[in-house]
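Residue numbers (numbering that gives the first Met the number 0), protein chains in the order written: chain A, 0 to 265; chain B, 0 to 385. Beta carbons are placed, not taken as given, at the ideal position from N, Cα and C, and that holds for glycine. Treat the numbers as computed from the prediction; the structure is a model and nothing was measured. Written below as structure tokens is the structure these notes are about.
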Amino acid sequence: MALQDYIRSRFFPHIWCVGCGHGTALNALLRAVETLGLDPSDIVMVSGIGCSSRMPGYVDFHTLHTLHGRALAFATGTKMSKPELTVLVPMGDGDALAIGGNHFIHACRRNIDITAIVLNNRIYGMTGGQFSPLSGPGVVATTAPYSTYDPAFDVMRLAVGAGASFAARGSTYHVVELQQLLVKAISHKGFSVIEVLSPCPTHFGRRNQQGDSVEMLEWLKANTAKLGSKAAEENPELITRGIFVEDERPEYCEQYERILEQAREG
Amino acid sequence: MTNKTNNKIAFVQGNEVCAEAALYAGAGFYAGYPITPSSEIMEHMARRMPAMGRRFLQMEDEIASLAAIIGASLTGHKVMTATSGPGFSLMQETLGFAIMAEIPCVIVNVQRGGPSTGLPTQAAQGDVYQARWGTHGDHAVIALTASNNQDLFEMTVEAFNMAETYRTPVIVLIDEVIGHLREKLQMPDPDELEVVKRLRTAVPHGVDYHPYLPREDGRLPMSDFGDKHRYNVTGLYHNMWGFPTTDPGVIDGLIHHLIDKIENNLHQITRYKEYYLSDADCVLISYGCSARSALHIVKNRRQRGMKLGLLELQTLWPFPAGLVREKCSGAQHIVVVEMNMGQVVHEVKRAVDHPERVYLANRVDGEFITPTNIKNVLRVIMGRGV
Numbered sequence: 000m001a002l003q004d005y006i007r008s009r010f011f012p013h014i015w016c017v018g019c020g021h022g023t024a025l026n027a028l029l030r031a032v033e034t035l036g037l038d039p040s041d042i043v044m045v046s047g048i049g050c051s052s053r054m055p056g057y058v059d060f061h062t063l064h065t066l067h068g069r070a071l072a073f074a075t076g077t078k079m080s081k082p083e084l085t086v087l088v089p090m091g092d093g094d095a096l097a098i099g100g101n102h103f104i105h106a107c108r109r110n111i112d113i114t115a116i117v118l119n120n121r122i123y124g125m126t127g128g129q130f131s132p133l134s135g136p137g138v139v140a141t142t143a144p145y146s147t148y149d150p151a152f153d154v155m156r157l158a159v160g161a162g163a164s165f166a167a168r169g170s171t172y173h174v175v176e177l178q179q180l181l182v183k184a185i186s187h188k189g190f191s192v193i194e195v196l197s198p199c200p201t202h203f204g205r206r207n208q209q210g211d212s213v214e215m216l217e218w219l220k221a222n223t224a225k226l227g228s229k230a231a232e233e234n235p236e237l238i239t240r241g242i243f244v245e246d247e248r249p250e251y252c253e254q255y256e257r258i259l260e261q262a263r264e265g
Numbered sequence: 000m001t002n003k004t005n006n007k008i009a010f011v012q013g014n015e016v017c018a019e020a021a022l023y024a025g026a027g028f029y030a031g032y033p034i035t036p037s038s039e040i041m042e043h044m045a046r047r048m049p050a051m052g053r054r055f056l057q058m059e060d061e062i063a064s065l066a067a068i069i070g071a072s073l074t075g076h077k078v079m080t081a082t083s084g085p086g087f088s089l090m091q092e093t094l095g096f097a098i099m100a101e102i103p104c105v106i107v108n109v110q111r112g113g114p115s116t117g118l119p120t121q122a123a124q125g126d127v128y129q130a131r132w133g134t135h136g137d138h139a140v141i142a143l144t145a146s147n148n149q150d151l152f153e154m155t156v157e158a159f160n161m162a163e164t165y166r167t168p169v170i171v172l173i174d175e176v177i178g179h180l181r182e183k184l185q186m187p188d189p190d191e192l193e194v195v196k197r198l199r200t201a202v203p204h205g206v207d208y209h210p211y212l213p214r215e216d217g218r219l220p221m222s223d224f225g226d227k228h229r230y231n232v233t234g235l236y237h238n239m240w241g242f243p244t245t246d247p248g249v250i251d252g253l254i255h256h257l258i259d260k261i262e263n264n265l266h267q268i269t270r271y272k273e274y275y276l277s278d279a280d281c282v283l284i285s286y287g288c289s290a291r292s293a294l295h296i297v298k299n300r301r302q303r304g305m306k307l308g309l310l311e312l313q314t315l316w317p318f319p320a321g322l323v324r325e326k327c328s329g330a331q332h333i334v335v336v337e338m339n340m341g342q343v344v345h346e347v348k349r350a351v352d353h354p355e356r357v358y359l360a361n362r363v364d365g366e367f368i369t370p371t372n373i374k375n376v377l378r379v380i381m382g383r384g385v
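Below you can see the structure in the form of structure tokens.
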């Protein structure tokens with residue numbers, strides 16, 4: 000299928016601002032789906048509320064746009080009730096890890112075969128630029144006019160600690176790499192978390208002297224490094240990209256099949 | 000209920016009856032979170048569903064439980080969750096989503112004393128208005144109840160039928176007494192009760208399917224996630240494709256549709272029972288566990304020649320105001336019997352011609368309301384002292 004066949008162009012233009020990283024992330028995601036040769040009728044995309052959560056409206060899969068923070072709970076019901084479906088869950092940083100934090104850790108713990116894509120722009124964009132649990136200290140936001148002092152979650156450590164069997168981080172500057180990471184995340188059997196560093200020039204960049212979208216992409220280039228690279232070893236301040244964990248562990252729906260067998264045998 | 004063949008008679012608890020009725024109605028997916036006094040529903044499902052090849056899931060909280068069954072309803076399953084007061088409070092946002100996105104699902108609330116953690120193991124009927132108005136924004140909702148095991152079985156099946164017919168969440172609003180009461184259940188034969196199947200679209204693959212375009216009869220045929228029609232579902236105001244919109248005409252049409260599809264079918268949704276109403280000059284109105292004591296006192300006073308009757312409501316929402324008005328038209332006294340500080344009594348006052356004749360007989364101390372409690376109110380109303 001051609002890439003544009005995955006898109007519902009009748010609902011364009013999209014809502015994302017100029018320079019927003021989410022369109023680039025969607026591009027990488029659709030190319031990953033194309034690479035895997037998936038039938039759009041076998042894919043369900045479930046989202047919560049926020050800028051990134053508008054993604055499902057624009058893609059021609061089965062799409063479910065739910066409540067703030069609850070996407071993974073809805074998605075768990077969808078996957079458990081029809082395990083043959085491929086379930087993709089794009090979420091914002093506040094959506095996934097503030098209001099949705101409990102659902103996030105429990106989805107990791109179950110190791111249910113869902114791909115969670117955390118589009119991390121370190122800000123609540125849709126509501127106008129409040130800080131999120133991924134903003135970290137020293138960030139100016141509408142609810143932190145004197146700068147934040149809240150520590151940030153490390154999404155990778157949180158996901159792995161909670162039981163996700165696949166965890167990776169990419170950025171919208173490193174698009175080809177991101178696409179490859181998404182291919183691996185979607186093909187992985189088990190709960191996959193992929194954090195995508197995605198710039199928000201409108202609300203984060205503007206308030207934090209990070210400039211426009213081009214300058215924010217340059218920032219991603221300068222401040223990230225591949226996991227295990229020399230640059231990462233030499234400078235621990237750099238944000239690492241790559242696969243943090245890729246384990247084979249019992250998948251939740253497959254485990255339920257065993258329970259079904261056991262119950263049938265009485 | 001004649002010509003029964005192989006039906007079993009069981010001595011069971013109300014919560015188990017509710018679970019069995021859901022299985023009878025075709026529930027293929029259950030998700031829940033433990034909470035007293037509803038947990039036996041979930042435990043029963045945990046045991047029975049895998050053995051029937053169906054799917055059971057314990058979630059991390061009640062929000063997730065309702066979310067999960069909505070996610071499963073969209074793949075084509077009939078779905079249910081059960082909870083009690085605090086859990087029902089947590090579900091309110093997601094309940095609104097199911098109303099807005101028109102997702103068939105059944106939510107059982109085995110009421111306990113509130114507010115807050117309240118009385119986990121004791122009975123109350125304080126969630127009647129919460130069932131109606133707990134989620135934000137204008138909406139309509141269906142809530143059913145029952146006062147004994149046999150009726151609870153039928154009402155639970157009805158809840159599934161109405162959820163499918165009107166594409167909406169349906170609340171089964173029982174209480175701790177009914178949930179934990181053990182009494183006889185005559186298990187209906189497999190084809191004895193009507194079971195409404197999910198209405199699926201006849202639009203062929205390749206033709207534009209509009210998931211939110213009602214047919215002439217107001218119903219919206221569905222298409223399962225995983226089938227060939229791909230569409231969007233959202234809690235935002237949406238157009239006929241399910242895509243978000245702020246078009247005033249579309250918004251106006253949708254809110255009217257969501258309310259009309261239920262309010263305009265009030266007669267089809269109303270379930271009730273009546274006892275000795277034809278010549279009653281004093282009408283008791285009750286529901287759920289309270290109706291048991293109300294019926295007891297009615298039968299008792301009839302033996303003494305007093306013209307008491309009982310209207311037992313099984314549909315609480317949409318409120319059957321016309322029915323209440325008609326049944327109370329000849330009454331000198333109307334007494335609403337309920338275990339709260341007065342909820343259905345307000346609806347009755349709004350419905351009848353003479354609201355000044357409406358009284359409340361209630362009990363709110365966690366103990367089950369007794370016939371004596373009702374008798375005492377009747378004596379005061381009739382000027383006989385306590």
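The beta carbon of T245 (chain B) sits closer than 8 Å to the beta carbons of Y236 from its chain, once the five residues preceding and following it are set aside; these are given in chain order. Between F73 (chain A) and A81 (chain B) the beta-carbon gap is near 19 Å, outside 8 Å, which marks them as no contact. Interface residue (Cβ-Cβ distance to chain A less than 8 Å): L73 (chain B) is classified as such. Residue state for R240 (chain A) is assigned as strand, using DSSP reduced to three classes.
Using a CB distance below 7 Å, the part of the region 56–86 of chain B facing chain A consists of L56, M58, E59, D60, I62, A63, A66, A67, I68, I69, G70, A71, L73, T74 and H76, ordered along the chain. Distance from the CA of A167 (chain A) to the CA of D188 (chain B), rounded to the nearest whole angstrom, comes to 54 Å. Every beta strand (DSSP E) stretch that sits fully inside the region 166–209 of chain B and reaches 3 residues is listed by chain position as 168–174 and 181–185.
Look at H64 (chain A): its C-beta is under 8 Å from a C-beta on chain B. Using a Cβ-Cβ cut-off of 7 Å, R229 (chain B) is close to P39, S40, D59, F60 and H61 of chain A, given in chain order.
Proximity to C17 (chain B) across B:G321, B:I254 and B:V156 peaks at B:V156, based on C-alpha coordinates.
Think of a sphere of 8 Å around the beta carbon of L259 (chain A): the chain B residues whose beta carbon falls inside it are P49 and G52, in chain order. Secondary-structure assignment with DSSP links S191 (chain A) through a beta bridge to A:T114 and A:F165. Residue burial is scored here from C-beta neighbours: Q208 (chain A) has fewer than 16 other C-beta atoms within 10 angstroms and is therefore classed as exposed. Interface annotation, P55 (chain A): in contact with chain B, CB-CB separation under 8 Å. At least one beta carbon of chain A lies nearer than 8 Å to the beta carbon of E92 (chain B).
Sequence-distant partners of A30 (chain B) (beyond 5 residues in either direction) whose C-beta falls short of 6 Å from its own C-beta, in its chain, are L56, M58, S64, A67, I68 and T80.
At a Cβ-Cβ threshold of 8 Å, P220 (chain B) and R199 (chain B) count as neighbours. When DSSP states are grouped into helix, strand and coil, V282 (chain B) belongs to the strand group. With a cutoff of 8 Å on beta-carbon distance, A142 (chain B) and I258 (chain B) are scored as not near each other. With contact defined as three or more Cβ pairs closer than 8 Å, the region 312–330 of chain B and the region 339–349 of chain B are in contact. Under a 10 Å Cβ-count criterion, I261 (chain B) is classified as buried, with 16 or more other Cβ atoms of the shown protein chains found around its own Cβ. Distance from the CA atom of R54 (chain B) to the CA atom of L157 (chain A), rounded to whole angstroms, is 29 Å. Chain B places a beta carbon closer than 8 Å to that of M79 (chain A), counting this residue as a contact. Apart from the 5 residues on each side of it in sequence, F243 (chain A) sits with its Cβ closer than 6 Å to the Cβ of M155 and A166 in its chain, given in chain order. In this structure, G234 (chain B) and A100 (chain B) form a Cβ contact; the two beta carbons are roughly 6 Å apart against a cut-off of 8 Å. In this structure, the beta-carbon distance from E337 (chain B) to Q124 (chain B) falls below 8 Å. Taken in chain order, the unbroken stretches of alpha helix (DSSP H) that lie wholly in the region 41–104 of chain B and span 4 residues or more are 61–72 and 84–100.
A contact between stretches requires three or more CB pairs, one per stretch, nearer than 8 Å, and the region 100–111 of chain B fails this requirement with the region 293–302 of chain B.
At a cut-off of 8 Å between beta-carbon atoms, T116 (chain B) makes no contact with chain A. DSSP lists B:A142 as the beta-bridge partner residues of W316 (chain B). The DSSP assignment places 21–35, 54–57 and 70–80 as complete runs of the alpha helix (DSSP H) inside the region 20–91 of chain A, in order along the chain (cut-off: 4 residues).
For the region 21–38 of chain B, the residues whose beta carbon sits under 9 Å from a beta carbon of chain A are, in order, G27, F28 and A30.
The beta carbon of T114 (chain A) sits no closer than 8 Å to any beta carbon of chain B. Under the criterion of beta carbons closer than 8 Å, E92 (chain B) and L66 (chain A) qualify as touching, at roughly 6 Å. An exposed status is given to L226 (chain A), since fewer than 16 other beta-carbon atoms sit within 10 Å of its beta-carbon. For A130 (chain B), the uninterrupted alpha helix (DSSP H) segment begins and ends at V127 to W132.
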